[in-house]
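**Q** Sequences listed follow chains D and A, in order. No gaps in the numbering here: position 10 of the first sequence is 10 in the UniProt record's numbering, and each next residue is one more. No gaps in the numbering here: position 160 of the second sequence is 160 in the UniProt record's numbering, and each next residue is one more. All residues carry an ideal CB built from backbone N, CA and C; glycine is no exception. Keep in mind the model is a prediction, meaning the values are calculated, not measured.
2 protein chains.
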Amino acid sequence: MGQHGQPGSVGRHEIPPRSGVAFTLDRGRRLTVIDPQGEQVADLVAFRRDDIDEVISSGRTLDYAGRLFLTAGDPLYSNRSTVLLRIVEDTVGRHDFLLTPCSADTFRILYDDPHPHRGCFGNLAEALAAFGIGPDRIPVAFNVFMNVAVDGTTGTLRVDPPLSRAGDRVTFAAETDLIIGLTACSAPQSNNFAFKPIHYVIE
Amino acid sequence: MGQHGQPGSVGRHEIPPRSGVAFTLDRGRRLTVIDPQGEQVADLVAFRRDDIDEVISSGRTLDYAGRLFLTAGDPLYSNRSTVLLRIVEDTVGRHDFLLTPCSADTFRILYDDPHPHRGCFGNLAEALAAFGIGPDRIPVAFNVFMNVAVDGTTGTLRVDPPLSRAGDRVTFAAETDLIIGLTACSAPQSNNFAFKPIHYVIE
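#1: Return the chain-ordered list of same chain residues with a C-beta closer than 6 Å to the C-beta of A:A46, the five sequence neighbours on each side being excluded.
#2: Should A:F153 and A:E89 be called a contact, given that it needs their Cβ atoms to be closer than 7 Å?
#3: For D:I202, does the three-state DSSP call read helix, strand or coil?
#4: Only counting the same chain, and skipping five residues up and downstream in sequence, which positions put a Cβ closer than 6 Å to that of D:L163?
#5: Within 7 Å of any Cβ in chain D, is that where the Cβ of A:S186 sits?
#6: Can you confirm whether A:L157, when its beta carbon is compared against all beta carbons of chain D, has any partner nearer than 7 Å?
#7: Taking A:T91 as the query, report the chain D residues whose CB atoms sit under 9 Å from its CB, ordered along the chain.
#8: Could you compute how far the alpha carbon of A:L44 sits from the alpha carbon of A:C120?
#9: Could you tell me which of A:I52, A:L76, A:F23 and A:Y64 sits nearest to A:V144, measuring between CA atoms?
#10: Exposed or buried, D:V10, counting other C-beta atoms within 10 Å across all chains shown (16 or more means buried)?
#11: Short of 6 Å in beta carbon distance, which residues of its chain neighbour A:T61, apart from the five on each side in sequence? Order them along the chain.
#12: According to the Cβ coordinates, are A:P197 and A:I15 closer than 7 Å?
#13: Here's the rule: buried if 16 or more other CB atoms are within 10 angstroms of the residue's CB, otherwise exposed. What is D:D160?
#14: Verify the CB distance criterion: does A:F131 have a CB-CB separation below 7 Å to chain D?
#15: Tell me which same chain residues have a C-beta within less than 8 Å of the C-beta of A:Q6, skipping the five on either side of it?
#16: Identify which residue in D:R80, D:A173, D:A72 and D:A174 has its Cα closest to the Cα of A:P101.
#17: Counting only beta-carbon atoms, is D:Y111 nearer than 7 Å to chain A?
#18: I'd like to know if A:R67 contacts chain D, where contact means its C-beta is closer than 7 Å to some C-beta of that chain.
#19: To which residues of the same chain is D:R165 closer than 7 Å at the C-beta, ignoring the five residues directly before and after it?
#20: Using alpha carbons as the reference points, say which of D:S19, D:A129 and D:R48 lies closest to D:A42.
#21: So which residues of chain C does D:V83 contact, with C-beta pairs closer than 7 Å?
#22: Taking all protein chains shown into account, decide if A:G59 is buried (16 or more other Cβ within 10 angstroms of its Cβ) or exposed.
#23: If we cut at 7 Å on Cβ distances, does A:N79 have a partner in chain D?
#24: Would you mind telling me which residues of chain A sit closer than 8 Å to D:V150, beta carbon to beta carbon, in chain order?
#25: Tell me the DSSP bridge mates of A:S78?
#26: Which first and last residues belong to the beta strand (DSSP E) in which A:T183 is found?
#27: Does any residue of chain A bring its CB to less than 7 Å from the CB of D:V140?
#28: Note down, in chain order, each residue of its chain lying with its Cβ closer than 7 Å to the Cβ of D:F107, except the 5 sequence neighbours on either side.
#29: Less than 7 Å between CB atoms is the rule here; does A:D43 satisfy it with respect to chain D?
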């Protein structure tokens, strides 16, 4: 399928492999992120539209949840402790809210790649620039479908293949007017070493 | 002991219970954070002095470390993947880099307190304002001595008493010129329900 209309319009859209988009999402709208082929991560960030200094916060959200792994019913809080998004449906139940979007630095440091891709960070930076959001404002993303195994004793983190299969989805409800950044993730290990598209539906 | 000289001067200083300071730390200096009585957390944040949009990043640091729990030898990376601080000594080995500084919102949401203390977040915001750093720029802190138990299967987080005993310490080396924010943490559960001072030494 192709991109139907503008990135933020009502309907279903495709994000091609290793790319990203940004769009506005009105309060009350629902955003469903779909993994059309399986084992593909989508990095999600959200900013308050009328004040872009307010942004989703992993630290606030995890503290208030008392859990690392979020799913249906869980809110995503901002740095000002306001709920920006709420997860309302989730067919997978395993996502990551610890790690920053992959970037050229990620590929250089973790993959020893001398000519790295710009990653989700670069894709988000380009897409969000249209909304006046600079790269230093990009927070830890809610990494939909990303499967980070945590050893509670040693603290070791291991990036495993996503648990998502073709058609799995997570739906978010916007609790205020937002700017959303969303990618089809570019990190080899996060996506079981195959880059696939991400679909999203706005309704 | 009292406060000796200005907050950032060479020597030993005391941060009274439930308060915080901010100061500059030159490249090459060492900052030692000491728990003088035991079981007391200190929230630490660091900004690049000549460009305060560069700040420590839990997401980058944990991703590059591949571990939740950092100790001697581990660098603290910025949002731009630069090393700002490096842990060079650590007599405890258990700290937190997941959770945001406690705030009035924390106490309202987690402790149901209708008249909450401003917390480490408020203390840091006031201290950092002198350096032109606004509250929205305060990141997830490196929470020295904070002991967050993680269940790797369920993802459940539990704030336990610190493992630090009287005199335990962590030393950081500054890899660039920095602005540091540092507190004696204000959250009841993080400090085993007793608010104590924090000492720090600059050398």
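**A** The answer reads as follows:
#1: For the purposes of this step, residue 46 of chain A is identified with residue 46 of the second sequence, where counting begins at 1. Excluding positions up to five away in sequence, the list reads I56, L84, L85, L178 and I180.
#2: Here residue 153 of chain A is taken as the residue at index 153 of the second sequence, counted from 1. Here residue 89 of chain A is taken as the residue at index 89 of the second sequence, counted from 1. Looking at the sequence itself, residue 153 of chain A is Thr, so the reference to Phe does not match. No.
#3: Start at 1 with the first residue of the first sequence, and residue 202 of chain D comes out as number 202. Of the three classes helix, strand and coil, the one that applies to D:I202 here is strand, per DSSP.
#4: As a working mapping, residue 163 of chain D is identified with position 163 in the first sequence. Cβ within range, chain order: V92, R94 and N147.
#5: The count along the second sequence starts at 1 and reaches residue 186 of chain A at position 186. Output row for A:S186: interface = no.
#6: Looking up residue 157 of chain A in the second sequence gives position 157. Output row for A:L157: interface = yes.
#7: Indexing the second sequence from 1 puts residue 91 of chain A at position 91. The premise fails here: A:T91 is roughly 18 Å from chain D at the closest Cβ pair, so nothing lies under 9 Å.
#8: The residue labelled residue 44 of chain A in the question sits at position 44 within the second sequence. The residue labelled residue 120 of chain A in the question sits at position 120 within the second sequence. Cα to Cα, A:L44 sits roughly 10 Å from A:C120.
#9: Translated into the one-based positions of the second sequence, residue 144 of chain A becomes position 144. Ranking A:I52, A:L76, A:F23 and A:Y64 by Cα distance to A:V144 puts A:L76 first.
#10: As a working note, residue 10 of chain D is residue 10 in the first sequence. Label assigned to D:V10: exposed.
#11: What you label residue 61 of chain A is simply residue 61 of the second sequence in a count that begins at 1. These residues qualify, in order along the chain: L76 and Y77.
#12: Numbered from 1 along the second sequence, position 197 holds the residue referred to as residue 197 of chain A. Numbered from 1 along the second sequence, position 15 holds the residue referred to as residue 15 of chain A. Yes. Within cutoff.
#13: Counting from 1 along the first sequence, the entry for residue 160 of chain D is found at position 160. Classification for D:D160: exposed.
#14: Position 131 of the second sequence, counting from 1, holds the residue named residue 131 of chain A. A:F131 does not count as touching chain D.
#15: Position 6 of the second sequence, counting from 1, holds the residue named residue 6 of chain A. Contacts found: F23.
#16: On the second sequence, position 101 is the one that residue 101 of chain A refers to. Nearest of D:R80, D:A173, D:A72 and D:A174 to A:P101, Cα basis: D:R80.
#17: Your numbering for residue 111 of chain D matches position 111 in the first sequence. Output row for D:Y111: interface = no.
#18: Start at 1 with the first residue of the second sequence, and residue 67 of chain A comes out as number 67. A:R67 counts as touching chain D.
#19: If you number the first sequence from 1, residue 165 of chain D lands on position 165. Contacts found: G38.
#20: Sequence index remark: in the first sequence, residue 42 of chain D carries index 42 (1-based). Of the candidates D:S19, D:A129 and D:R48, the one whose C-alpha sits nearest the C-alpha of D:A42 is D:S19.
#21: Looking at the structure shown, chain C is missing, and the protein chains on hand are D and A.
#22: Here residue 59 of chain A corresponds to residue number 59 of the second sequence, with the count starting at 1. Label assigned to A:G59: buried.
#23: As a first step, residue 79 of chain A must be located in the second sequence, where it is residue number 79. So, interface residue.
#24: On the first sequence, residue 150 of chain D is found 150 positions in, with the first residue counted as 1. Per Cβ cutoff of 8 Å: L68, V150, G152 and G155.
#25: What you label residue 78 of chain A is simply residue 78 of the second sequence in a count that begins at 1. For A:S78, which the question treats as bridged, DSSP gives the partners A:I56.
#26: Translated into positions along the second sequence, residue 183 of chain A becomes position 183. L178 to T183 is the span of the beta strand (DSSP E), which, as asked, contains A:T183.
#27: Counting from one through the first sequence, the residue named residue 140 of chain D turns up at place 140. D:V140 counts as touching chain A.
#28: In the first sequence, residue 107 of chain D corresponds to position 107, counting from 1. D113, P116, H117 and G119, listed in sequence order.
#29: Counting from one through the second sequence, the residue named residue 43 of chain A turns up at place 43. Chain D, which has no Cβ nearer than 7 Å to the Cβ of A:D43, makes this no.
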